[in-house]
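Let me begin by presenting the structure, written as structure tokens, before commenting on it.
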Amino acid sequence: MNWLWLPDGRTMVQNVGEVKGSPFRGEELTLYEDKIFWNFESNKPPHSVCSESCPPGTRMSRKKGQPVCCFDCLPCSEGEISNTTDSMECTSCPEDFWSSPQRDHCVPKKAEFLSYHEPLGICLTAASLLGTVISAVVLGIFIHHRSTPVVRANNSELSFLLLVSLKLCFLCSLLFIGRPRLWTCQLRHAAFGISFVLCVSCILVKTMVVLAVFRASKPGGSNESTRASKSIKKKPNQQHENSSKVMWTASQVSLCSFLCLLSLDSHFYFLECSPLHSCRMQEQFNLSGMHRAGDVVLGGLFEIHFFSVFPDLSFSSKPQQPTCHGFDVLGFRQAQTMAFAIDEVNRNPHLLPNVTLGYSIYDNCVKLAIGFRAALSLISGEEERFELTDTCKGSPPVIGIVGDSSSTRSIAISTVLGLYRVPMVSYFATCSCLSDRQMFPSFFRTIPSDAFQVSAMIQILKHFSWTWAGLLVSDDDYGLHAARSFQSDLAASGGGCLAYVEVLPWGEDRPELRRIVGVMKASTALVVIVFAHETHMINLMEEVRRQNVTGLQWIASEAWTAASVLQTPELMPFLAGTLGIAIRRGEISGLREFLQGIHPEERSNDHYGNSMVKQFWEHTFQCKFAPPPAGQVDTGGRPCTGREHLEDAETEFMDLSNLRPEYNVYKAVYALAYAINDMLKCEPGRGPFGGSAVAIVYYLEKVNFTTPFGDQVSFDENGDALPIYDIMNWLWLPDGRAKVQNIGEVKRSPSRDEELTIHEDKIFWNFESKKPPHSVCSESCPPGTRMSRKKGQPVCCFDCLPCSEGKISNTTDSMECTSCPEDFWSSPQRDHCVPKKTEFLSYHEPLGICLTAASLLGTVISAVVLGIFIHHRSTPVVRANNSELSYQILVSLKLCFLCSLLFIGRPRLWTCQLRHAAFGISFVLCVSCILVKTMVVLAVFRASKPGGGATLKWFGVVQQRMTVIILTSIQAAICLSWIILASPFPHKNTQYSNERIIYECAVGSTVGFVLLLSYIGLLATLSFLIAFYSRKLPDSFNEAKLITFSMLIFCAVWVAFVPAYISSPGKYADTVEVFAILASSFGLLASLFGPKCY
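Residue numbers (UniProt numbering): 1 to 1094.
Have a look at this one:
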């Protein structure tokens, strides 16, 4: 239905759909949304959610301590996705895929390889093909001119084979370009290895032949000369050369084949006011009661009989009164406790002096209808007629009522009593709903409410770490309110979850009980909490015994904790070890003597009569007085004489070892007595109510006293007493008997929160291990993992997922993993962050040691060569070698060797700034000297020709120095500009590797670095070209050949450096640069100065 607000202001309720259940489809909901009237500006349904839905690419993360509908949406980690709304978990992408930026689908990972379509691949392919073509052209030229002396004298066959192997070398480089496939991976190194061995073996054989011919030219080498001549000219037998080539090439082929074979093997009362202003009682209820006159009368409602019989209603005659049977001895003892407390108050000269308290106690027969009749009789009185002055108003016959014991009856009765502010102090009604002062403004109780009982049970669950339990409740206000309170409080506390919640039926409903026990058996919860009465438990335990359900830990509410009817040999195998919440036990001095003094003759001379005592007497001694009063069943038996003695009767009536409800009755009477006492002390006209009848409620709220047993009694703003419970344990004795023992208490004081005290060493556990059971839905998640709730299950049911790399959790049952700081990484256990390993080219690692040693070695050699040159500075070799430039080259080479040390060790600002500057300037100084030296050699050669003398004036000493200074100054300017505008700096690279920090020098400006290298390359290329041009000078100018060879080594090293440097990670980039510096420096040193020193 939908409430429609019409334009004329009227309201119409219209049908907008239906919901029904069918045997085949389950529940069906049909809504006609176009008919619905929404009372909002938008004329649309409101949007009511705790948290918005999590879109794809995120996952739900529940907020701890809040309902499951309240959550955060956390983005999936890299490599994980979620492609549905409100996803509980993110799913890892397959190995060859990665998460999209939105984390809502997987995309193929970018495949990275040296491709034919990228510039580097194109350049390398072009170079390879160019080399192949050049080799083919040279081979064609050699074949075409095979008859010429140059070709024949150059060992044509070896030359042809050498050119073919070079073509293969160029072509095999193409196997390294393109997407790797099995055959290319198998062939690339094999082809490279075989081709190069074939090439090098040819060169080796060719070199040996040249050496043999040279030796044959010396005296005594004629035989060799003859063989060499034959080998060169006639070539009748080439077995030596061929066998050498075949041997070296076959060895490489065998090695490559072996490696290929290895690679194949690894892959939820009626009064009526007359017009004459008089009231007449229309009818009286036949109630069983016990009365005593007094100045002030207190009412009482107790369970004296277990059962009641209501006559059938014919609606044609006056109905008969209901009858009660099944005498409850303990209920009668509670009523007698009230009588005792009132008698004790009357004997106390300090409390209510000159005032006598009386009582009027009725039996409710455990029925609301009878209890309500009794309550109305108490507040209306039973006089046949009384006159009123104005209206039907006046003070009630009783000033307050002690009772009722049931929450359901207390709710109904106190609803009416609250209208007249007649206080009702219950000793056993625990429903938390009775704490509502709006509904029950005059209700008080001396027993803790179920809210505290629920809290106490949750404390017990937490104490034993039980997070997974079942809940059984009775089908009444007591059970249903307890279930609602337990579920909400348990969820709010975060102390556990309920595996199931079942409502126990009234009576012996076998199918329903069978179903409930089946649920208990199927559940993994080992703890069962029961808020129910004895009658419910009797029926339930019969079914438990029938199905033999053992191994459960029962937790009893106060309603059945001390139920002796359940402590039988048949049920103890199932209920032994039960933990229960019990009303506080107290000691009441003098109660035993008072009970022993009970006699039917002593308490029957009252105006109202005392039928209760006679019924007790009849029940205890199995006798009867002359005919029973109306409303009671004739129990039969022998006549009662009144001379029977209670001491001789075997009854629990005199067992005062476990006074719990009685103690609450005792406190209730005293609370009313103290309130009346405070009210009577008030002077008329000065009190808060001016003598109003509701004053007793005000003073009852202010009550605060201590019992002789030591317990403080006061009421809070809701009418609840300071809560305290005893914790009981059912002990199964060896002789088969049961004993309920006290093992602790739980209480709340005005100054402290709840306090739980349990003596675990006293507890009897009904398990083989004699230890508390372990009842959890999911085991706790250890550090290093996080909780991931299972969808559609309670929050206590979860999986423990390990934290991702770089994230940790250092607490048990962590909801989320925390990312480590930038300079830290997760430990292998993911339970703490550890500093990332720092990586740089260190002096303490083998690679750093070797490079340092090589650098120092080069420095020493350069110094030695410089010393040699200085020592022999007067010799023609040194003088003819342009000694000044040679000294500068040697000094610059020393600087080149030394500058490589700046690349080793932890990067610092000054080393980062100096390393490339020192390297660039040193090398430019060296290369510029070589360039000038080459130009001088060429100028000298030209000057030796006719008319070439004028050339030398441009290459004097001053010009040489100025050229070197100018060329070096250009590089110095480049370095200085680089350092000023975009200086290199130490940088922690955390992007390359997650597990380690790479300390490196960021170049600051790539342009500056490229200019530095390009300038060196330009000078080196110029030197090489000029030296190559001068390579055919006469022997007296052979310096050009040495410079050509040294520049060739220098250029080869630095050309290879570029791709190696770009592709090398971390410290290996520094290693490549140091290696290039050392290799080129050693090449220059050896090529330029080796022969001269020799």
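Ideal Cβ positions, reconstructed from N, Cα and C, are used throughout, including at glycine.
Please report the residue range of the alpha helix (DSSP H) in which residue i lies.
i, result
"residue 369", "368 to 380"
"residue 678", "661 to 680"
"residue 540", "534 to 547"
"residue 1021", "1006 to 1029"
Determine the contact status of residue i and residue j, defining contact as a CB-CB distance below 7 Å.
i, j, result
"residue 340", "residue 594", "yes"
"residue 968", "residue 1026", "no"
"residue 1067", "residue 840", "yes"
"residue 1134", "residue 1050", "This structure does not reach residue 1134, given that the chain is present from 1 up to 1094, and the question cannot be answered."
"residue 565", "residue 543", "no"
"residue 1099", "residue 12", "Residue coverage of the chain in this structure runs from 1 to 1094, which leaves residue 1099 outside it and unanswerable."
"residue 429", "residue 474", "no"
"residue 17", "residue 4", "no"
"residue 611", "residue 288", "yes"
"residue 513", "residue 472", "no"
"residue 917", "residue 975", "yes"
"residue 1022", "residue 890", "no"
Looking only at its chain, what residues have a beta carbon closer than 6 Å to the beta carbon of residue i, apart from the 5 residues adjacent to it on each side?
i, result
"residue 586", "659, 663, 709"
"residue 989", "998, 1000"
"residue 1015", "971"
"residue 609", "With a pLDDT of 49 at residue 609, under the threshold of 50, the modelled position of this residue cannot be trusted, and the question is left open."
"residue 925", "892, 968"
"residue 8", "none"
Can you tell me whether residue i is buried or exposed, with buried defined as 16 or more other CB within 10 angstroms of its CB?
i, result
"residue 256", "With a pLDDT of 48 at residue 256, under the threshold of 50, the predicted position of this residue should be treated as unreliable, and no value is reported."
"residue 1008", "buried"
"residue 39", "exposed"
"residue 704", "exposed"
"residue 1094", "exposed"
"residue 148", "exposed"
"residue 772", "buried"
"residue 578", "buried"
"residue 326", "exposed"
"residue 1047", "buried"
Beta strand (DSSP E) containing residue i: first to last residue?
i, result
"residue 465", "Unbroken run through residue 465: none, as it is neither H nor E."
"residue 780", "Where residue 780 is concerned, there is no enclosing beta strand (DSSP E), given that its DSSP letter is neither H nor E."
"residue 47", "Neither: residue 47 is in no beta strand (DSSP E) and is coded neither H nor E."
"residue 291", "289 to 292"
"residue 75", "71 to 75"
"residue 1101", "This structure leaves residue 1101 out entirely; the chain is present only between 1 and 1094."
"residue 62", "58 to 62"
Based on the DSSP secondary-structure assignment, which residues constitute the bridge partners of residue i?
i, result
"residue 418", "Looking at the DSSP assignment, residue 418 forms no beta bridge with any residue, so it has no partner."
"residue 170", "Answer is none; residue 170 lacks a bridge partner."
"residue 741", "729"
"residue 806", "Answer is none; residue 806 lacks a bridge partner."
"residue 612", "Looking at the DSSP assignment, residue 612 forms no beta bridge with any residue, so it has no partner."
"residue 528", "470, 554"
"residue 308", "324"
"residue 98", "107"
"residue 12", "4"
"residue 833", "826"
"residue 638", "623"
Examine the ligand NAD and report whether any of its heavy atoms sits within less than 6 Å of the Cβ of residue i.
i, result
"residue 763", "In the structure on display, the ligand NAD does not appear, and there are no ligands present to speak of."
So, for residue i: in the same chain, excluding its five sequence neighbours on each side, which residues have a beta-carbon less than 8 Å away from its beta-carbon?
i, result
"residue 607", "Its pLDDT being 39, under 50, residue 607 is placed unreliably in this model, and the value from its coordinates should be taken loosely. Within the same chain, residue 607 has close Cβ partners 291, 293."
"residue 511", "none"
"residue 788", "88, 89, 798, 799, 800, 801"
Leaving out five residues before and five after residue i in sequence, what residues of the same chain have Cβ atoms less than 7 Å from its Cβ?
i, result
"residue 525", "468, 469, 470, 499, 775"
"residue 413", "371, 372, 375, 404, 424"
"residue 914", "902"
"residue 144", "none"
"residue 99", "76, 78, 79, 80, 81, 93, 106"
"residue 723", "448, 452, 747, 748"
"residue 803", "784, 785, 786, 809, 817, 826, 830"
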